[in-house]
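Asker: Have a look at the structure that comes next, please.
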Amino acid sequence: MRTITLPAHFDGDRIVLDEPFEFEPNAKLIITVLPPQHQSDAERDDWANLAMQGLARAYGEDEPEYTVDMIKKANPKYKPR
-7 MRTITLPAHF
3 DGDRIVLDEP
13 FEFEPNAKLI
23 ITVLPPQHQS
33 DAERDDWANL
43 AMQGLARAYG
53 EDEPEYTVDM
63 IKKANPKYKP
73 R
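In terms of the numbering used here, the sequence shown has 27 at position 35, counting the first letter as 1, and numbering is strictly consecutive.
Laid out in structure tokens, this is it:
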């Protein structure tokens, strides 16, 4: 059997899979307990803010508008959409 990740939760009594899955008898399992969602919200916001700051530095207000005719050498594998 290949290794897969299955979403699940603890309902107070037992571990419940969020989606049905058929196990082979005696399948080996590893359980990973994730931190509560509210604790990671602040960290996620911090990472998002850091990414936004980096993009703001890379693409500032005075960033020139680049057009196709400014390309010196075209990529032959590029297919316009």
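Backbone N, C-alpha and C define an ideal beta-carbon position, used for all residues, glycine too. These figures come from a predicted structure and were not determined experimentally.
1) Between Met(-7) and His1, what straight-line distance do the alpha-carbon atoms span, to the nearest angstrom?
2) Which class does Leu9 belong to by DSSP, given the choice of helix, strand or coil?
3) Leaving aside the five residues before and after Ala40 along the sequence, list all residues of the same chain whose C-beta is less than 6 Å from its C-beta, in chain order.
4) Check Ala19 in the structure and name its three-state DSSP category.
5) Just the C-alpha distance for Gln45 and Tyr70, rounded to the nearest angstrom, thanks.
Answerer: On the basis of the data shown:
1) On the sequence shown, position 1 is the one that residue -7 refers to. On the sequence shown, position 9 is the one that residue 1 refers to. Their Cα atoms are separated by approximately 23 Å.
2) Position 17 of the sequence shown, counting from 1, holds the residue named residue 9. Residue state, collapsed to three classes: strand.
3) Indexing the sequence shown from 1 puts residue 40 at position 48. Nothing meets the Cβ criterion.
4) Residue 19 sits at position 27 when you count from the first residue of the sequence shown. Ala19 falls in the coil class under three-state DSSP.
5) Counting from one through the sequence shown, the residue named residue 45 turns up at place 53. Counting from one through the sequence shown, the residue named residue 70 turns up at place 78. Cα to Cα, the separation comes out at about 30 Å.
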